[in-house]
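What follows is a single structure, written as structure tokens, with notes after it.
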Amino acid sequence: MPTKLDDYTFEDFGLIEEFGHVHPSTPDFTEQTLSIPGRPGLLSLGTQIGAKQFSLPIKVFVRDRYERQRMKNKFVAFLFDEYRQPREFKLSFDYEQDKYYFAKIASQITPEMLFQMDQFELTLIANDPTKYFLLDADEITVGSHIPILSRVRPARHSFVIKSNQTINVVHDGTLAIKPRITISGSASNVTLKNTRNNKSFKITDVISTKPIIIYGENYMVTEGGNDTFSKLVGDFLELLPGDNNITVSGEGLDLIISFKYRAQFM
8 MPTKLDDYTF
18 EDFGLIEEFG
28 HVHPSTPDFT
38 EQTLSIPGRP
48 GLLSLGTQIG
58 AKQFSLPIKV
68 FVRDRYERQR
78 MKNKFVAFLF
88 DEYRQPREFK
98 LSFDYEQDKY
108 YFAKIASQIT
118 PEMLFQMDQF
128 ELTLIANDPT
138 KYFLLDADEI
148 TVGSHIPILS
158 RVRPARHSFV
168 IKSNQTINVV
178 HDGTLAIKPR
188 ITISGSASNV
198 TLKNTRNNKS
208 FKITDVISTK
218 PIIIYGENYM
228 VTEGGNDTFS
238 KLVGDFLELL
248 PGDNNITVSG
258 EGLDLIISFK
268 YRAQFM
């Protein structure tokens, strides 16, 4: 089972991955509740989403115990950085090659050292339990080198805007995301609104020499490369799973609007 850590398989370290690993379908989660005296039951305050933890059985099948130790040392050097901290890497599985987690080692490795081999359980954790698609949405075109079972569609992500109109932005993930939106050209009183959830923002002026970039995930706005958070009035737009109809309105519209994002999955 060629599980990959970044671009490496266990075989690259001289290790053998055995069958029977643990890959949770959902992250840990805790229901937040409040008990009110005199009120039957509990009041729900939402759900706290936690991490995903993985367990993979690994063995080193080499007769020479010195060589076995060398292989384990090489693998440990990959798992930790030069400051002795567990380092983060992309974790992907052969049955879902188009998606990956950001994971790192979660507990001590304690090999059982036998006559001709060592064996141990490798425990990894993804503190961010989100699965990410391999490519950004705008990089997916007909002929893209992605696994054949991927259920994503090539779609348009850059639009020329000359008048008030509605554009369609496709998001093939299963989680709401905040894209990076680049607005270049010139116009005044520009408003973008997602009709799926009625969230919108307004920008007073767009100047042709100063493209505006809205970093939804980081809650940042730049104009011509300089921070200008106050330029945006309203909400950071979200893309919901499926088709998103975005209305664009304003005065003197002569714009190119581009959306940059990577599909995310539970």
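Using our numbering, read the sequence shown as starting at 8 and increasing by one per residue. In this text, a Cβ means the ideal position worked out from N, Cα and C, and glycines have one as well. From a predicted model like this one, the values you see are computed outputs, not experimental measurements.
Problem - Of the listed residues Tyr108, Leu131, Arg94, Ile253, nearest to Ile168 (C-alpha basis) - result: Counted from its first residue, the sequence shown places residue 168 at position 161. With distances taken between Cα atoms, Ile168 lies closest to Ile253.
Practice task
Could you name the residues of the same chain whose beta carbon sits closer than 7 Å to that of Arg70, not counting the 5 residues immediately before and after it, in chain order?
Solution key: Counted from its first residue, the sequence shown places residue 70 at position 63. Cβ neighbours of Arg70 beyond the five flanking positions: Gln123.
Problem - Nearest-angstrom Cα separation, counted from Lys138 out to Pro248 - result: Position 241 of the sequence shown, counting from 1, holds the residue named residue 248. Position 131 of the sequence shown, counting from 1, holds the residue named residue 138. Computed Cα separation, rounded: 14 Å.
Problem - Cβ-Cβ distance between Asp212 and Ser191 below 8 Å - result: Indexing the sequence shown from 1 puts residue 212 at position 205. Indexing the sequence shown from 1 puts residue 191 at position 184. In this structure, Ser191 does not lie closer than 8 Å to Asp212 by Cβ.
Problem - Runs of beta strand (DSSP E) wholly within the region 101-183 (minimum 3 residues, chain order) - result: 103-112, 124-140, 165-168, 172-178
Practice task
Could you have a look at Ala194 and say whether DSSP puts it in helix, strand or coil?
Solution key: Here residue 194 corresponds to residue number 187 of the sequence shown, with the count starting at 1. Three-state result, Ala194: strand.
Practice task
Would you check if there are 3 or more beta carbon pairs closer than 8 Å linking the region 203-217 to the region 232-245?
Solution key: yes
Handout entry: Ser151 vs Asp105 beta-carbon contact at 8 Å
Key = Numbered from 1 along the sequence shown, position 144 holds the residue referred to as residue 151. Numbered from 1 along the sequence shown, position 98 holds the residue referred to as residue 105. Not in contact: Ser151 and Asp105 (Cβ atoms no closer than 8 Å).
Practice task
For Glu230, count neighbouring C-beta atoms within 10 Å of its own C-beta (all shown protein chains included) and say buried if the count is 16 or more, exposed if not.
Solution key: Locating residue 230 in the sequence shown gives position 223, counting from the first residue. So Glu230 ends up on the buried side.
Handout entry: Run of the beta strand (DSSP E) containing Met273, from where it starts to where it stops
Key = Sequence index remark: in the sequence shown, residue 273 carries index 266 (1-based). Element bounds for Met273: n/a, residue is neither H nor E.
Problem - Straight-line Cα distance separating Leu239 from Gly223 - result: Residue numbering aside, residue 223 sits at position 216 when the sequence shown is read from its first letter. Residue numbering aside, residue 239 sits at position 232 when the sequence shown is read from its first letter. Each residue's alpha carbon lies about 11 Å from the other.
Practice task
Keeping to the same chain, check which residues put their C-beta closer than 6 Å to that of Phe17; ignore five residues upstream and five downstream.
Solution key: Along the sequence shown, read from residue 1 onward, the residue named residue 17 stands at position 10. Closer than 6 Å at the Cβ level, and outside the excluded window around Phe17, lie Glu24.
Practice task
Would you mind giving the Cβ-Cβ distance between Ala58 and Ala133, rounded to the nearest angstrom? I have them listed as a contact below 8 Å.
Solution key: On the sequence shown, position 51 is the one that residue 58 refers to. On the sequence shown, position 126 is the one that residue 133 refers to. Correct: roughly 6 Å between the Cβ atoms.
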